[in-house]
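A.B. asks:
2 protein chains.
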Amino acid sequence: MKEKGISKAVISRLPRYYRYLGELLDSGIERISSGELSERMKVTASQIRQDLNNFGGFGQQGYGYNAYVLREEIGKILGLDKMHNMIIVGAGHLGQALGNYGFEKNGFQIIGMFDVDPALKGRLVRGIPIRMLDEMPQFIAEHSVEIAALTIPKDASIEVAKTLTDNGIRAIWNCAHTDLNLILPKDVVVENVHLSDSLMRLSYNLSALKEEEAE
Amino acid sequence: MKEKGISKAVISRLPRYYRYLGELLDSGIERISSGELSERMKVTASQIRQDLNNFGGFGQQGYGYNAYVLREEIGKILGLDKMHNMIIVGAGHLGQALGNYGFEKNGFQIIGMFDVDPALKGRLVRGIPIRMLDEMPQFIAEHSVEIAALTIPKDASIEVAKTLTDNGIRAIWNCAHTDLNLILPKDVVVENVHLSDSLMRLSYNLSALKEEEAE
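Taken in sequence, the protein lines are chains A and B. Taking the working numbering, the leading residue of the first sequence gets 1, the next gets one more, and so forth. Taking the working numbering, the leading residue of the second sequence gets 1001, the next gets one more, and so forth.
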């Protein structure tokens, strides 16, 4: 049911709409105009209308958007109306933090965690036992796994990503400090989370701000 | 020494250049042409030349770039030539994961961690004791803190962000599930890390890929 040729930029904004609409509903607001949404999100009303028109538009002239319907529709577009089974590869601090994060409320259920450290074997993270990495292929064969989150050091990430894709995983949420999308087959989707890159952007913006003020 | 009017898009690509140049140096490569860098980074050579020209360009015709010099220069632009003191507010799973991440190798030194949970009081994360949130203003007054990472629930994040800025913090690395830049003063820089948004983009791309294949 997806429209063709929706730009990456629009897609990348949808989770934010989804989040804001959820907040509106939480605060009891069920109907909102593009103008009010614009005010809250600091995006122009025309941008909002354009973005949402990509999906047929869910607004009615003079009425605005029904926040519930709109959020449901965006959720469907994002695939959030189905539960996605996810495994976490790398059960160190970051892996355990993701395991504890609560992504299941957005439709991402963690069903397995893996590591190479024998000291972690069997430890429970929110009820999920940490398994050894060599058990992963069999686990994937026996369970329906859609997404693998990679929270392992850069050096191990390429080999593990290949093992994952060899075993049929098509979606990798990559928190390793490298760009896996460049080395994996085209029929595998990768979303990179580069924490250090983000921190560097913050650092740049802070020093740019200070220089501006010093002038 | 920053050039004026560099686009956000260019800035957002600099950490990636910095990372790739570091990898080149690690593997013993000290000189690289824009063509070779293009091959590795899957960005056009002309994009690379354009991006780096924003900063005066560090390449020499027929020689290429000196990876070491270029990385140092990009590091300076990003402010990575100085050590930045950072505190982490919220010492739950994600806060502790960030505390253990090792950002100091990029110039970000964690000097304090804070939480409201008395059970965490005094626990050490990489040698840094977790302090109670009400000690934070005094800590900031007594230490030189540049950046605060926020790893707390959304509902608490606005009040804590205000306390931080009231106490002179100008840079917030926001992992709370809300857009703090919309509510904070203009002279505070915010970089949002929205993990759920990222996971939703992955989910969208996976279902778009599957639909494409089904056709």
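C-beta: ideal position from N, C-alpha, C; glycine also. Since we're looking at a predicted model, the values are computed, not measured.
From what residue to what residue does the alpha helix (DSSP H) around phenylalanine 1139 of chain B run?
C.D. replies: In the second sequence, counting from the first residue as 1, residue 1139 of chain B sits at position 139. 1136-1142 is the extent of the alpha helix (DSSP H) around phenylalanine 1139 of chain B.
A.B. asks: Mind pulling the chain A residues with CB within less than 8 Å of glutamine 1096 of chain B?
C.D. replies: Start at 1 with the first residue of the second sequence, and residue 1096 of chain B comes out as number 96. Those within 8 Å of glutamine 1096 of chain B in chain A are His93, Ala97.
A.B. asks: Here's a check: name, in chain order, each residue in its chain whose Cβ is nearer than 7 Å to the Cβ of lysine 1002 of chain B, leaving out the five neighbours to either side.
C.D. replies: For the purposes of this step, residue 1002 of chain B is taken as residue 2 along the second sequence, with counting starting at 1. Below a pLDDT of 50, predicted positions are generally treated as unreliable, and lysine 1002 of chain B, at 46, falls in that range; the measurement from the model is reported next regardless. Cβ within range, chain order: Ile1077.
A.B. asks: Going along the chain, which residues of its own chain have a beta-carbon closer than 7 Å to the beta-carbon of aspartate 1179 of chain B, five neighbours each way excluded?
C.D. replies: One-based indexing of the second sequence puts residue 1179 of chain B at position 179. Cβ within range, chain order: Asn1192.
A.B. asks: Just checking: is the beta-carbon of phenylalanine 1139 of chain B within a distance shorter than 9 Å of some beta-carbon in chain A?
C.D. replies: For the purposes of this step, residue 1139 of chain B is identified with residue 139 of the second sequence, where counting begins at 1. Not an interface residue.
A.B. asks: Quick one: give me the first and last residue of the beta strand (DSSP E) that aspartate 1115 of chain B is part of.
C.D. replies: For this step, residue 1115 of chain B is matched to residue 115 along the second sequence. 1108-1115 is the span of the beta strand (DSSP E), which, as asked, contains aspartate 1115 of chain B.
A.B. asks: Pick helix, strand or coil for valine 1189 of chain B, following the three-state DSSP scheme.
C.D. replies: On the second sequence, position 189 is the one that residue 1189 of chain B refers to. Looking at valine 1189 of chain B - three-state DSSP - the assignment turns out to be strand.
A.B. asks: State the Cα-Cα distance for the pair leucine 80 of chain A and phenylalanine 1139 of chain B, rounded to the nearest angstrom.
C.D. replies: Working through the first sequence from its first residue, we reach residue 80 of chain A at position 80. Working through the second sequence from its first residue, we reach residue 1139 of chain B at position 139. Looking at the two C-alpha atoms, the distance is approximately 42 Å.
A.B. asks: With 16 other CB atoms within 10 Å as the buried threshold, where does methionine 200 of chain A fall?
C.D. replies: Walking along the first sequence from the start, residue 200 of chain A turns up at place 200. With 16 or more other Cβ atoms within 10 Å, it is buried.
A.B. asks: Taking the C-alpha atoms as reference points, what is the distance between asparagine 205 of chain A and serine 7 of chain A?
C.D. replies: For the purposes of this step, residue 205 of chain A is taken as the residue at position 205 of the first sequence. For the purposes of this step, residue 7 of chain A is taken as the residue at position 7 of the first sequence. Near 27 Å, if we compare the C-alpha coordinates of serine 7 of chain A and asparagine 205 of chain A.
A.B. asks: So, is the C-beta of phenylalanine 1055 of chain B closer than 9 Å to a C-beta in chain A?
C.D. replies: Reading the second sequence from its first residue, position 55 is the one you call residue 1055 of chain B. No - not a single Cβ of chain A is within 9 Å of the one on phenylalanine 1055 of chain B.
A.B. asks: Quick one: which chain A residues come within Cβ less than 7 Å of leucine 1133 of chain B?
C.D. replies: Counted from its first residue, the second sequence places residue 1133 of chain B at position 133. The premise fails here: leucine 1133 of chain B is roughly 19 Å from chain A at the closest Cβ pair, so nothing lies under 7 Å.
A.B. asks: Would alanine 1119 of chain B be called buried (16 or more neighbouring beta carbons within 10 Å of its own) or exposed?
C.D. replies: Taking the second sequence and counting its residues from 1, the one referred to as residue 1119 of chain B is at position 119. The residue in question, alanine 1119 of chain B, is exposed, as its Cβ has fewer than 16 Cβ neighbours within 10 Å.
A.B. asks: Just curious, the beta strand (DSSP E) that histidine 1084 of chain B is in, first and last residue?
C.D. replies: Within the second sequence, numbered from 1, the residue matching residue 1084 of chain B stands at position 84. Per DSSP, histidine 1084 of chain B belongs to the beta strand (DSSP E) from 1084-1089.
A.B. asks: Enumerated in chain order, which unbroken segments of the beta strand (DSSP E) with a length of 3 residues or greater are wholly contained in the stretch 16-42 of chain A?
C.D. replies: Entirely contained in the stretch 16-42 of chain A, not one beta strand (DSSP E) run reaches 3 residues.
A.B. asks: Return the residues of the stretch 76-90 of chain A that lie within a Cβ-Cβ distance of less than 8 Å from chain B, sorted by chain order.
C.D. replies: Correct list: Ile77, Leu78, Gly79, Leu80, His84.
A.B. asks: Using a cut-off of 8 Å between C-beta atoms, extract the partners of alanine 171 of chain A located in chain B.
C.D. replies: Mapped onto the first sequence, residue 171 of chain A falls at position 171. By Cβ distance, chain B contributes Leu1202, Ser1203, Asn1205, Leu1206.
A.B. asks: Just to confirm the assignment, what range does the alpha helix (DSSP H) spanning arginine 201 of chain A have?
C.D. replies: Taking the first sequence and counting its residues from 1, one reaches residue 201 of chain A at position 201. Run containing arginine 201 of chain A: 195-214, per the alpha helix (DSSP H) assignment.
A.B. asks: Would you mind telling me which residues of chain A sit closer than 9 Å to phenylalanine 1114 of chain B, beta carbon to beta carbon, in chain order?
C.D. replies: Here the question's residue 1114 of chain B lines up with position 114 in the second sequence. Simply none; closest approach about 17 Å.
A.B. asks: Can you name the residues of chain A whose CB is closer than 8 Å to the CB of histidine 1177 of chain B?
C.D. replies: By one-based count along the second sequence, residue 1177 of chain B stands at place 177. Within 8 Å Cβ-Cβ: Arg19.
A.B. asks: When the Cα of glutamine 109 of chain A is compared with those of B:Ser1196, B:Tyr1020, B:Ala1208, which residue comes out closest?
C.D. replies: As a position in the first sequence, residue 109 of chain A is number 109, starting the count at 1. Among B:Ser1196, B:Tyr1020, B:Ala1208, the Cα nearest to that of glutamine 109 of chain A is on B:Ser1196.
A.B. asks: Does the structure place the stretch 1206-1213 of chain B close enough to the stretch 45-56 of chain A that three or more beta carbon pairs sit under 8 Å?
C.D. replies: They do not touch, by the three-pair rule.
A.B. asks: Taking 9 Å as the CB-CB cut-off, is lysine 162 of chain A touching chain B?
C.D. replies: Reading the first sequence from its first residue, position 162 is the one you call residue 162 of chain A. No, no contact with chain B.
A.B. asks: Measuring straight from C-alpha to C-alpha, what distance separates leucine 1164 of chain B and proline 1137 of chain B?
C.D. replies: Taking the second sequence and counting its residues from 1, one reaches residue 1164 of chain B at position 164. Taking the second sequence and counting its residues from 1, one reaches residue 1137 of chain B at position 137. Straight-line Cα distance between these residues: approximately 8 Å.
A.B. asks: Does any residue of chain A have a CB that is nearer than 9 Å to the CB of glutamate 1191 of chain B?
C.D. replies: On the second sequence, position 191 is the one that residue 1191 of chain B refers to. By this cut-off, glutamate 1191 of chain B is an interface position.
A.B. asks: Taking the alpha-carbon positions, what's the alanine 1045 of chain B to tyrosine 1020 of chain B distance?
C.D. replies: On the second sequence, residue 1045 of chain B is found 45 positions in, with the first residue counted as 1. On the second sequence, residue 1020 of chain B is found 20 positions in, with the first residue counted as 1. Their Cα atoms are separated by approximately 14 Å.
A.B. asks: Closer than 9 Å, Cβ to Cβ, to anything on chain A: give me those residues from the stretch 1142-1161 of chain B, in chain order.
C.D. replies: Listed in sequence order: Glu1146, Ile1147, Ala1149, Thr1151, Lys1154.
A.B. asks: Indicate whether at least one CB of chain A lies closer than 9 Å to the CB of lysine 1002 of chain B.
C.D. replies: As a working mapping, residue 1002 of chain B is identified with position 2 in the second sequence. Confidence at lysine 1002 of chain B is low in this model, with a pLDDT of 46, below 50, so the placement of that residue is unreliable and no value is reported for it.
A.B. asks: By the 10 Å Cβ neighbour count, where 16 or more other Cβ atoms means buried, how is glutamate 39 of chain A classified, buried or exposed?
C.D. replies: One-based indexing of the first sequence puts residue 39 of chain A at position 39. Label assigned to glutamate 39 of chain A: exposed.
A.B. asks: Shortest alpha-carbon distance to threonine 1151 of chain B belongs to which of B:Arg1126, B:Gly1127, B:Val1116?
C.D. replies: Position 151 of the second sequence holds residue 1151 of chain B. Threonine 1151 of chain B has its Cα closest to that of B:Val1116, out of B:Arg1126, B:Gly1127, B:Val1116.
A.B. asks: So glycine 1107 of chain B packs on histidine 1084 of chain B, CB below 8 Å; how close in whole Å?
C.D. replies: Your numbering for residue 1107 of chain B matches position 107 in the second sequence. Your numbering for residue 1084 of chain B matches position 84 in the second sequence. So it is a contact: roughly 6 Å between Cβ atoms.
A.B. asks: Would you verify that the beta carbon of glutamate 1036 of chain B is, or is not, closer than 9 Å to some beta carbon of chain A?
C.D. replies: Here the question's residue 1036 of chain B lines up with position 36 in the second sequence. Cβ-Cβ to chain A under 9 Å: no for glutamate 1036 of chain B.
A.B. asks: Whose Cβ in chain B lies nearer than 7 Å to the Cβ of arginine 71 of chain A?
C.D. replies: The residue you call residue 71 of chain A lines up with position 71 of the first sequence. Within chain B, no residue comes near arginine 71 of chain A; the closest Cβ sits about 12 Å away, beyond 7 Å.
A.B. asks: Near glycine 22 of chain A, which residues of its chain fall below 7 Å by C-beta distance, leaving aside the five closest residues on each side in sequence?
C.D. replies: Residue 22 of chain A sits at position 22 when you count from the first residue of the first sequence. Contacts found: Arg71.
A.B. asks: What do you reckon, are the CB atoms on aspartate 187 of chain A and leucine 1209 of chain B nearer than 9 Å?
C.D. replies: As a working note, residue 187 of chain A is residue 187 in the first sequence. As a working note, residue 1209 of chain B is residue 209 in the second sequence. Contact flag set, yes.
A.B. asks: Does any CB atom of chain A fall closer than 9 Å to the CB of aspartate 1197 of chain B?
C.D. replies: As a first step, residue 1197 of chain B must be located in the second sequence, where it is residue number 197. By this cut-off, aspartate 1197 of chain B is an interface position.
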